[in-house]
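Residues in the sequence shown are numbered consecutively from 1, following full-length UniProt numbering. Each residue gets a CB set at the ideal place from its N, CA and C atoms; glycine is no exception. To keep things clear, I will list the structure first and then write my remarks on it.
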Amino acid sequence: MAVGENEDVFDILKNAASPGAVAAQQAAQKAREEEIALRAQQRAAETIQEHSSQPVYFDSITISGAGRTRRSFLENIVKPSLDRSDKGELTLRDALAELNKTIGNLRYFDIFQPNIPFYLDTPPSYTFDPSKPNDPIPLTATINVKERSRFLLKTGTDLGNTEGSAYAQATLRNVFGGAESLHATASAGTRTRSAYDATFTTPIKASPLASFELKALSTSRDNSHSSHTELSKGVIGTVRWATPAHHLHQSLSYEGLWRTITSVHEDASPSVRRDAGDSIKSALTHTIARDTRDNPILPSTGTLLRFRNSLAGFGPFRGTVAHLKSELETGLALPLFKGVSVTSSFRGGVLYPLALSGETGPKPSSIADRFHIGGSNDVRGFQTGGLGPHSGKDSLGGDAFVAGSVGVLFPFPRASADSGLRFQAFVNGGRLLALQRPPGAETAGVGEGMKYTVSKLLSEAPSLAAGFGIVYGHPVARFELNFCLPLGMRGTYGEEGAERARKGLQFGVGIEFL
1 MAVGENEDVF DILKNAASPG AVAAQQAAQK AREEEIALRA QQRAAETIQE
51 HSSQPVYFDS ITISGAGRTR RSFLENIVKP SLDRSDKGEL TLRDALAELN
101 KTIGNLRYFD IFQPNIPFYL DTPPSYTFDP SKPNDPIPLT ATINVKERSR
151 FLLKTGTDLG NTEGSAYAQA TLRNVFGGAE SLHATASAGT RTRSAYDATF
201 TTPIKASPLA SFELKALSTS RDNSHSSHTE LSKGVIGTVR WATPAHHLHQ
251 SLSYEGLWRT ITSVHEDASP SVRRDAGDSI KSALTHTIAR DTRDNPILPS
301 TGTLLRFRNS LAGFGPFRGT VAHLKSELET GLALPLFKGV SVTSSFRGGV
351 LYPLALSGET GPKPSSIADR FHIGGSNDVR GFQTGGLGPH SGKDSLGGDA
401 FVAGSVGVLF PFPRASADSG LRFQAFVNGG RLLALQRPPG AETAGVGEGM
451 KYTVSKLLSE APSLAAGFGI VYGHPVARFE LNFCLPLGMR GTYGEEGAER
501 ARKGLQFGVG IEFL
């Protein structure tokens, strides 16, 4: 190092150790390391591209860092990749794709940190034979994971259909080392006054496509549109599975609930008072859904088809109610041009009363089981439960319904396409009926009554409303502020049994809208 005439060697050393010089040296070192890493990535990519069709097989797949996770669980996760390798049909490109699937499955269970690096190498004993370039090359894969904290405590707010709530939730992850989770939640909200539940969930055979869930719950729900509060206590066991190739999701659940219609208002109708008290529901429910929408909260393209069947009066406890309840839901989103899309949906359902074992005939359905439609998330332009049979101010619900909506979503001025803000214009309507007997057939059975009710449901004009407003599709929920104008309803407001429309502004928050 050369030193100038006016420079002192000690000054030079002092300046080299100054904070500014040290920061510059660190920045230069970091830039060199990033450049070296980038060149290494480029060389690796070029090597992979050059040898992507080279036959390979997995000699071993090792997952390190999973000290609290069962070995059998991890073996089930890597088993599909090893099985495909054993069939002798892997290329280097295929091997990398299999590893990405395995890492995706590890991330899905939410028991590891999302950043999961992996390394590929050949066994130490392997020697490449240039005379046999097409022989499969053995690979050893090492996947490095870092387990997340087992215990999580959080509070927050939750937005559901027609209501909001505040909650506190405690979660225990990886309970037995197989990605099991235990959630305990306490919440209070606008309609669900209080809710307590504990849910245990476990994957089936370490698959992200199948799981079992067992829930114990206690809820208190304010059904002010029907002048009562409903209490529910019980257990629900559910098996869920998916078929991604066909966009199918299914579930099969059993629920045993003790329900109480209580806190009946002083001016409640006789129909509501008749259903007050306790009932026990023992039901088996199957749900199947095919959803190809690009966004379930604010779709611009795709379709939805969901079918749900529930058989009550089934199981070891049988219960005090018996019925077959079927619901169908469809949805369609179709892009037109420049951010404009058309959406439509249709829902329908029937509640078919059944006789419990040992009884001569079915009981009338309970207000706790009937359909209730109308509201800001349902048929807009009507109050919650505003459609269908009423007695006084009370919504009584019905045993058969249809509801549909057609709307157009427009881009919001000066907002980007991915902002979630839209204008909308819509027309929606619905019809809800209680089970009725054909005129002059007072002794007709339930089957004849249901045929007559459904035929009347489909032949009569629905109650309608139209409107326009602003929509905001947040990743958590959908928000709507609409101006609604009822176009037709059963009865005149204030009359006995009249439906309840809502003219003017209507605000809705939720995940699912009609």
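What is the DSSP secondary structure of PHE426, reduced to helix, strand or coil? strand
Nearest candidate by alpha-carbon position, reference LEU332, set PHE479, ARG193, ARG290: Ranking PHE479, ARG193, ARG290 by CA distance to the CA of LEU332 puts ARG290 first.
Going by DSSP, which residues form a beta bridge with VAL402? GLY348, ARG431
Does the region 368–386 come into contact with the region 398–414, if we say contact requires no fewer than three beta-carbon pairs (one atom in each stretch) closer than 8 Å? yes
Answer yes if the region 107–122 comes into contact with the region 139–146, meaning at least three C-beta pairs across the two stretches below 8 Å, and no otherwise. yes
What did DSSP end up calling ALA66 once you bin it into helix, strand or coil? coil
Residues bridged to LYS154 (per DSSP): GLN169
DSSP state of MET1 mapped onto helix, strand, coil: Confidence at MET1 is low in this model, with a pLDDT of 47, below 50, so the placement of that residue should be treated as unreliable; the coordinate-derived value is given next. Three-state DSSP puts MET1 in coil, outside helix and strand.
Beta-carbon contacts of GLY508 that lie in its chain and below 6 Å, excluding the five residues immediately before and after: So the qualifying residues of the chain are SER376, ASN377, GLU480.
If you pair each beta-carbon of the region 420–436 with each one of the region 463–479, do three or more pairs fall below 8 Å? yes
The region 384–403 touching the region 345–354, judged by at least three CB pairs closer than 8 Å: In short, these stretches touch, since the Cβ pair count reaches three.
Select from HIS228, PHE112, HIS183 the residue whose C-alpha is nearest the C-alpha of ARG274. HIS228
Report the residue from ILE61, ASP83, GLN25, ALA276 whose alpha carbon sits nearest the alpha carbon of residue 515. A query on residue 515 cannot be resolved here, the shown segment of the chain reaching from 1 to 514 and no further.
Beta carbon of PHE73, beta carbon of ALA179: below 9 Å? yes
So ALA198 is in the beta strand (DSSP E); what residue range does that whole segment cover? 192–203
Assuming LEU217 is part of the beta strand (DSSP E), what are its boundary residues? If you look at LEU217, you'll find it in the beta strand (DSSP E) that goes 210–223.
For HIS247, which three-state DSSP category applies? HIS247 sits in coil when the DSSP states are folded into three classes, being neither helix nor strand.
Could you say which of LEU214, GLY397, LYS79 lies nearest to LEU182 if we only look at CA atoms? LEU214
Identify the residues that DSSP records as bridge partners of ALA355: which are they? Paired residue(s): none; ALA355 is not in a bridge.
Could you have a look at GLY449 and say whether DSSP puts it in helix, strand or coil? Here GLY449 sits in helix by DSSP.
Would you mind reading off the limits of the beta strand (DSSP E) that contains ASN144? Per DSSP, ASN144 is one residue of the beta strand (DSSP E) stretching across 137–144.
Who are the Cβ neighbours of LEU464 in its own chain at under 6 Å, not counting the five residues just before and after it? If we look at LEU464 and ignore the five residues flanking it on each side, its Cβ neighbours are GLY429, LEU487, GLY488.
Terminal residues of the continuous alpha helix (DSSP H) containing GLU180? Careful: GLU180 lies outside any alpha helix (DSSP H) and carries neither H nor E.
Tell me whether the region 292–301 and the region 261–271 touch, counting them as touching only if at least three CB pairs, one residue from each stretch, are closer than 8 Å. Result no; under three Cβ-Cβ pairs closer than 8 Å.
Nearest residue (CA-CA) to LYS79, options PHE112, ILE103, ARG68, THR91: ILE103
Which class does PHE317 belong to by DSSP, given the choice of helix, strand or coil? coil
What is the DSSP secondary structure of LEU396, reduced to helix, strand or coil? coil
Quick one, which of THR142, SER220, THR330, GLY189 has its alpha-carbon nearest THR292's? THR330
Same chain only: Cβ atoms within 6 Å of SER310, ignoring 5 sequence neighbours per side: ALA283, THR285, LYS325
Quick one: grab the DSSP three-state call for GLY104. Correct three-state label for GLY104: helix.
Leaving out the 5 sequence neighbours to the left and right, which residues in its chain are closer than 6 Å to LEU152 when beta-carbon positions are compared? THR171
Answer yes or no: does any C-beta atom of chain B fall closer than 9 Å to that of ALA186? Among the chains of the structure shown, chain B does not appear; only one protein chain is present.
Just to confirm before moving on: does the CB-CB distance between THR192 and SER220 stay below 9 Å? yes
Output the distance between the C-alpha atoms of VAL427 and ASN295, rounded to the nearest integer angstrom. 22 Å
Does the Cβ-Cβ distance between LYS338 and PRO411 come in under 9 Å? yes
Which of helix, strand or coil does DSSP assign to ARG388? According to the sequence as given, residue 388 is Gly; it is not Arg. Coil.
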